[in-house]
Each structure stands twice: as structure tokens, then as C-alpha cells.
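For reference, the structure discussed in these notes is given below.
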Amino acid sequence: MFDFAIVGAGFAGSVLAERLATQLDARVLILEKRPHIAGNAYDYYNEDGLLVHKYGPHIFHTNAAKVFDYLSRFTAWRPYEHRVQASVDGKLVPMPINVDTLNQLYGMNLTCNDVEAFLASVAEPRGAIVTSEDVVVSRVGRELYTKFFRNYTRKQWGLDPSELDASVTARVPIRSNRDDRYFTDQYQSMPLHGYTRMFERMLDHPNIHVMLNTNYSDIQEEISFRTLIFTGPIDEYFDYCYGRLPYRSLRFEHQTHDCKTFQPAAVVNYPNEHAYTRVTEFKYLTGQEHNKTSIVYEYPTSEGDPYYPVPQPQNAHMYAQYKALAEALPNVHFAGRLATYKYYNMDQVVAQALALFAKIQDRFDEVGSFAMSRNVTSVGTESAIAESDLPSPPGAGRAA
Ligand code: FAD
Ligand code: UDP
Numbered sequence: 004m005f006d007f008a009i010v011g012a013g014f015a016g017s018v019l020a021e022r023l024a025t026q027l028d029a030r031v032l033i034l035e036k037r038p039h040i041a042g043n044a045y046d047y048y049n050e051d052g053l054l055v056h057k058y059g060p061h062i063f064h065t066n067a068a069k070v071f072d073y074l075s076r077f078t079a080w081r082p083y084e085h086r087v088q089a090s091v092d093g094k095l096v097p098m099p100i101n102v103d104t105l106n107q108l109y110g111m112n113l114t115c116n117d118v119e120a121f122l123a124s125v126a127e128p129r130g131a132i133v134t135s136e137d138v139v140v141s142r143v144g145r146e147l148y149t150k151f152f153r154n155y156t157r158k159q160w161g162l163d164p165s166e167l168d169a170s171v172t173a174r175v176p177i178r179s180n181r182d183d184r185y186f187t188d189q190y191q192s193m194p195l196h197g198y199t200r201m202f203e204r205m206l207d208h209p210n211i212h213v214m215l216n217t218n219y220s221d222i223q224e225e226i227s228f229r230t231l232i233f234t235g236p237i238d239e240y241f242d243y244c245y246g247r248l249p250y251r252s253l254r255f256e257h258q259t260h261d262c263k264t265f266q267p268a269a270v271v272n273y274p275n276e277h278a279y280t281r282v283t284e285f286k287y288l289t290g291q292e293h294n295k296t297s298i299v300y301e302y303p304t305s306e307g308d309p310y311y312p313v314p315q316p317q318n319a320h321m322y323a324q325y326k327a328l329a330e331a332l333p334n335v336h337f338a339g340r341l342a343t344y345k346y347y348n349m350d351q352v353v354a355q356a357l358a359l360f361a362k363i364q365d366r367f368d369e370v371g372s373f374a375m376s377r378n379v380t381s382v383g384t385e386s387a388i389a390e391s392d393l394p395s396p397p398g399a400g401r402a403a
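What follows is the structure, encoded as C-alpha cells:
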């Protein structure tokens, strides 16, 4: 009999397994349908010996010291500040838009002091900021919106920005200074030996048993446990009884080239050309020295593994229905990007998992055993976690 069965070995599942095993001496069974741990953060050395991210570029950044300190138990870090260029009007220019982007695009000589006045002259005032179009057009006007955001978003989501919540494009700030970093978080680093190695260390505990290539639904009748933690898609858990929550997917095309460097930045975004959205060259992220270089193209699709919850009001409504079902289950907790249908970065998922663990621990301290938690309804669902426990949403406070 396991104390906990955890579905999914990504950040949500692995952090919870580690905490439960080491802090509460719980016996934990992790079920992972893929042939590897680490979820979408999985990285591996390819046939040429280059470290690549199977599911697209994963850059760690956070303002939460608690999250950084926690992960630092399992990895050393390589300081890394991410930079992105966008291919617009035949030029590669800094993204997020900053003063140099504007000068290079329009052949101007704006200083940082001029930028706000320039943006104000092109911005289209909007009443309420509701959609992803509103956010951008109200700040930089229609022309820059069209060059940098409209077509990228249509490609990435299969939706016009006017159909998506403001939070999506608000992830990318607009800057009036020269800062060309993609993120301005206090902690920006990559795990020195990769994400998978970090996860291996997290899960290396005698109380944690990992079953790979195992879909929970195939073996749920055969395993014995007290409490379930589910980190897969919440609509799948409930057999889609309220309908399917949409998730956007990607097809990744990995390539290795026989040259030291392929492109001038870690990531080049292609808002207006090609079927892919961006190209990532991993050596920038990993710092690896190698005579060859590996890259990945991201092609958005509606079919395939669920990668992105789609932030739209009707989906939030459907998720609220599933969440109400989740809250009525006494011995099942839902955590992570898919189970709580939130467009969370890695640090937010770690913070959410740590907050859920704290609730389970409180309850354990109160009743003294896991068995007693069977009929407890007030603990463990996502709503038991205050939003204030989580790092700020991406974009918040980043606009300069
Ligand atoms: P996941 O990593 O999705 O893990 C869930 C696991 O559950 C999966 O391994 C899945 O196989 C397993 N599972 C699901 N259902 C079942 C089942 N029925 N039975 C068994 N196993 C099951 N975040 C950042 O902070 N920085 C970035 O740069 C960044 N870049 C990203 C780029 C891309 C292309 C994508 C898609 C995401 C990116 N993210 C980034 C977000 C990051 O991937 C997530 O925040 C994080 O991985 C979520 O962890 P999780 O545990 O919630 O989910
Ligand atoms: N976006 C855009 N143009 C860009 C970069 C981003 O329109 O050059 C929009 C797009 O809608 C994207 C969102 O901003 O989905 C968030 O971008 P981010 O780079 O954070 O996406 P992620 O890394 O999560 O895929």
C-alpha cells in the first residue's frame, strides 16, 4: 500500500513526491506515461552529444527566493540571461520591443527619454483592457502590434489576439529602455547539468518508486494507495463530462548542423514568415562547447500532446466546473499546469506544489497519519492555495 500515488513526473509531481517522501516519510508511487521523468522540462544528450530540450526551450527564471532555494538542493546553476530576436521587415531586432528595436526598425535615433512620447503618439487608446489585442494596441499602436504580435499569436494559438485573454501577450513587456533580456526576474539560471539530472536527484529516495511508460488509467484498479495526486489534464480525469478543455500543442522539429553557431541569438521569433513560430539554438542556453550545434523549430498544432491551456473566458468557465468536481473529492489533489488549467511557468508550478505540500503537511501534523486524511474535504484542492503563495504572473511588473 502506497501513501500517495502521483500521476505525472513533471515539476508538480516530482516536487510533491520529494517533499512527501523526505519530510513525511510517505511511500510514494509515481506513474508516468512517457518513457522519462521531468515532464516537459525533459532534456537529454542527442546522438551527437549535444544537450537538447525535447519539448522546446525551457529557461528558468523566478522572483521567488523560496523556489530558487528549493531547487538549488538538487542542482548547481549556470547563470544565464535569455535574449530573443524577432525577424521583422527583413531585419533581426530585439524582442521584447525596446528603444533599439524601434530605432533599427524605423531608422530613428530615439533616446530612452523619447520612447514614451513616441509610443503615446502611435498608441490606440482602449477603454477596458480585456484581450491580448487590447494590451498591445493600447501600448504600441496597430502597426507594431501587426508586425510583432498579431501573426505570431494567430500562428501560436490558431486564434486572433482579440479572442485571447490579455494575460497571454502581457507576458511579453514593452520597454522604453535598452534592456534586451527576455526576462528581468531576480533569479535567471539554467540547471548546470540539465533538468533531467536535477529531477533524478529530486526523485532519488528509497520511498519513491517511479513507473515509466505507465498510464494511470490503465492500472488504476491494480494499485493500492491512500491519496492520489493528479498532474495530467483535469478534463481527462473526469472523462470529459463537461466537454474537452482545449490545449494548444506543438510539433518540434529537431536538427543538428555541422557548424559551431547557427543563428545570432538563443531564440529567433518569426512572427510573419514560415509555419513555425521560433527557432531555438540550445548551445546558448546550455553553454556547451561543441563543433556542431542543435536547434529546434516549433510548429503550433491543435492535435498532439497538451502543452498550453488556452486562456479564454469560456475555457475558464469549463475549468471552474471541473474544479468544483475536484473539490468534492476527498482524497485527490490536482496540481500543475494541466490539472489546474493555468498557463504557468516552471517556477509557478514549483510554488504551487510547495503550497499544496504545506497544506498536506498541516493536515498530517493535525491528525498524525495519512489514513486519516481520507475523509477530509477541506484540504488539497487547488483552491486551498492562496494565489499570493505563487510567484507573480509572467509580465506582471516586467513592463518597463
Ligand atoms: P508537465 O511537465 O506537463 O508534467 C505532467 C506529466 O504528467 C507529463 O510528463 C505527462 O506525461 C504525465 N501524465 C499526464 N497524464 C498522465 C496519465 N494519465 N498517466 C501517467 N502520466 C500522465 N516554463 C518556464 O518557466 N520557462 C520556459 O522557458 C518554459 N518554456 C516552455 C516551452 C514550451 C514549448 C512549453 C510547452 C512549456 C514551457 N514552460 C516554460 C512551461 C513548463 O513546461 C511548465 O510550467 C512545467 O513543465 C509544468 O510542469 P507540470 O508538472 O505541471 O506538467
Ligand atoms: N508573442 C508574440 N510575438 C512574439 C512573442 C510572443 O505575439 O514575438 C505573444 C504570443 O501570443 C505568445 C505570447 O506572446 O504566445 C507569450 O509569449 P512567450 O514567449 O511567453 O510564450 P511561451 O514561451 O510560453 O511559448
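If you number the sequence shown the way my numbering does, the last residue is 403 and the count never jumps.
For each residue, glycine too, the CB sits at the ideal point set by N, CA and C.
- The chain-ordered list of residues whose CB is nearer than 6 Å to some heavy atom of the ligand UDP reads Ala89, Met98, Phe151, Phe152, Tyr155, Thr156, Gln159, Val171, Thr172, Arg174, Val175, Asn272, Pro274.
- Its chain contains Gln107, Leu108 as the residues whose beta carbon lies nearer than 8 Å to that of Lys94, once the 5 sequence neighbours on both sides are disregarded; these appear in chain order.
- Pairing Tyr245 with Asn43, the inter-Cα distance amounts to about 26 Å.
- Looking at Leu19, Asp28, Gly52, the one whose alpha-carbon comes closest to that of Ala41 is Leu19.
- Within the segment 42-68, the beta strand (DSSP E) runs of at least 3 residues that lie entirely inside it are, in chain order, 46-48, 54-56, 63-65.
- Listed in chain order, the non-local C-beta contacts of Gln315 below 7 Å within the same chain comprise Glu166, Leu167, Asp168, local neighbours out to five positions each way being set aside.
- In terms of CA proximity to Gln258, Asn49 leads the group Leu34, Ala8, Arg30, Asn49.
- Excluding the 5 residues flanking it on each side, Arg153 has same chain C-beta neighbours closer than 7 Å at Pro164, in chain order.
- Beta-bridge partners of Asn275 (DSSP): none assigned.
- Taking each of Phe373, Ala361, Asp365, Met349 in turn and checking the Cα distance to Ala67, the smallest one comes out for Met349.
- In the three-state reduction of the DSSP assignment, Gln189 falls in the coil class.
- Distances from the CB of Thr234 to the heavy atoms of the ligand FAD include at least one below 7 Å.
- Judged by beta-carbon spacing, Phe228 lies beyond the 8 Å limit of Leu23, meaning their Cβ atoms are not closer than that value.
- Taking 7 Å as the cut-off, the C-beta of Met349 counts as close to a heavy atom of the ligand FAD.
- Relative to the ligand FAD, the beta carbon of Ile9 is positioned no closer than 7 Å to any heavy atom.
- With a contact defined as Cβ atoms closer than 8 Å, Ile62 and His85 qualify at about 5 Å.
- Membership of Phe5 in any alpha helix (DSSP H) is not indicated; the residue belongs instead to the beta strand (DSSP E) covering 5-10.
- The segment 135-145 and the segment 169-189 touch, with three or more beta-carbon pairs separated by less than 8 Å.
- Taking 7 Å as the cut-off, one finds at least one heavy atom of the ligand FAD near enough to the beta carbon of Leu341.
- When DSSP states are grouped into helix, strand and coil, Lys362 belongs to the helix group.
- In this structure, the ligand FAD has a non-hydrogen atom nearer than 7 Å to the beta-carbon of Val352.
- If you ignore the 5 residues before and after Thr134, its C-beta comes within less than 8 Å of the C-beta of Pro164, Ser165, Glu166, Leu167, Asp168, Ala169, all in its own chain and listed in chain order.
- Residues of the same chain with a CB within less than 6 Å of the CB of His39, apart from the 5 flanking positions on each side, are Tyr45 in chain order.
- By the criterion of a C-beta distance shorter than 7 Å, Glu306 is surrounded in its chain by Ser252, once the five residues flanking it on both sides are discounted.
- Lys295 sits in coil when the DSSP states are folded into three classes, being neither helix nor strand.
- Within 7 Å of the C-beta of Leu253 there is at least one heavy atom belonging to the ligand FAD.
- Following the DSSP letters along the chain, one finds Lys36 in no beta strand (DSSP E), marked with neither H nor E.
- By the neighbour-count criterion, in which 16 or more other beta carbons inside 10 Å mark a residue as buried, Gln355 falls on the buried side.
- By the 16-neighbour rule on beta-carbons within 10 angstroms, Gly11 is buried.
- Assignment of Asp168 by DSSP, reduced to helix, strand and coil, places it in the strand class.
- Judged by DSSP secondary structure, Thr25 falls within the alpha helix (DSSP H) whose first and last residues are 14-27.
- Within the segment 96-149, the complete alpha helix (DSSP H) segments of 4 residues or longer fall at 102-109, 115-125, 135-148, listed in chain order.
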